[in-house]
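Engineer:
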Amino acid sequence: MWAWFSSLAPVQPTEMLGLWQGAGIPSDHPLDGVLENLGWFGKRFHADMRADALLFQWRSDRLVAIDPGILPISLAIKAAPFGRTRIARNWFSYLQRALRARGTTASLKLQTVDDLTTAAMIYDRQPIADYFRRTGDDELAGMMCVDGDARRYFFKLRRIEVASRRRSE
Numbered sequence: 020m021w022a023w024f025s026s027l028a029p030v031q032p033t034e035m036l037g038l039w040q041g042a043g044i045p046s047d048h049p050l051d052g053v054l055e056n057l058g059w060f061g062k063r064f065h066a067d068m069r070a071d072a073l074l075f076q077w078r079s080d081r082l083v084a085i086d087p088g089i090l091p092i093s094l095a096i097k098a099a100p101f102g103r104t105r106i107a108r109n110w111f112s113y114l115q116r117a118l119r120a121r122g123t124t125a126s127l128k129l130q131t132v133d134d135l136t137t138a139a140m141i142y143d144r145q146p147i148a149d150y151f152r153r154t155g156d157d158e159l160a161g162m163m164c165v166d167g168d169a170r171r172y173f174f175k176l177r178r179i180e181v182a183s184r185r186r187s188e
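Okay, so the sequence shown: first residue is 20 according to this note's numbering, each after it adds one.
Below is the structure:
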């Protein structure tokens, strides 16, 4: 996966602005399938270079920004098998209100990882950085890196026209 990701064109942070719908790319990472099971929608990047790191679908017409700083990433990775269950999906639907972010939760900047310079989203309260590379005009590949963990979680993002969606929360 790394060879494929590094072969893609870099992205500038200003190219990231807007709403993006995401999906995981299976790569044998413990989190494969977890976000999708919980109703992950994607990410939103604002003009001030701040981001809603985790947007989830709430009902059919609303998006909820979740605060990723509430649950330590190491615990989320350990609980990943449970995160793929129907019980976890049901519980998460009830917990979304309590987990709601009170503002943006990450910063967007140009950053280097393994000699590749590209747009990156740095989480405020987690040791996580998501790096982005271009796969198409309005499509990106993402690679989540957790400090101290050599495994990489890969995902894709597709830009969504805001006019086609009802205003999100």
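Yeah, the Cβ is synthetic: ideal placement off N, Cα and C, and Gly gets one too.
All of these numbers come straight from a predicted model, not from anything done at the bench.
#1: Between Val53 and Gly102, which are expected to be in contact by the criterion C-beta below 8 Å, what is the C-beta distance as a whole number of angstroms?
#2: Are at least three pairs of beta-carbons, each pair with one atom in the stretch 32-46 and one in the stretch 101-116, less than 8 Å apart?
#3: Cutting at 6 Å between CB atoms, please list the residues of its own chain near Arg184, excluding the five before and the five after it.
#4: Kindly say whether Ile89, judged by its beta-carbon, lies nearer than 8 Å to any beta-carbon of chain C.
#5: Residue range of the alpha helix (DSSP H) that Ala22 falls in?
#6: Could you tell me which whole beta strand (DSSP E) segments of length 3 or greater appear in the stretch 147-187?
#7: Which same chain residues, not among the five before or five after Leu213, have their C-beta less than 6 Å away from its C-beta?
#8: So the beta strand (DSSP E) Arg105 belongs to, where does it begin and stop?
#9: May I ask you to verify whether the stretch 111-120 touches the stretch 77-95, counting CB pairs closer than 8 Å and requiring at least 3?
#10: What is the residue span of the beta strand (DSSP E) that Ser126 lies within?
Structural biologist: Here's the rundown:
#1: Rounded, the Cβ-Cβ distance is 4 Å, consistent with contact.
#2: No, the stretch 32-46 is not in contact with the stretch 101-116.
#3: Caution is warranted here: a pLDDT of 46 is assigned to Arg184, below 50, making its placement in the model unreliable, and the coordinate value is therefore given only provisionally. Around Arg184: no qualifying Cβ.
#4: The chain labelled as chain C is not found in the depicted structure, where only one protein chain is given.
#5: Residues Trp21 to Ser26.
#6: With a minimum length of 3 residues, the continuous beta strand (DSSP E) runs that stay inside the stretch 147-187 are 147-155, 158-165 and 171-179.
#7: Residue 213 lies beyond the stretch modelled for the chain, which goes from 20 to 188, so this question has no answer here.
#8: Looking at the DSSP string, Arg105 is not in any beta strand (DSSP E); the run it does join, the alpha helix (DSSP H), is Arg105 to Leu118.
#9: Output reads yes: the stretch 77-95 touches the stretch 111-120.
#10: Start and end: Ala125 to Val132.
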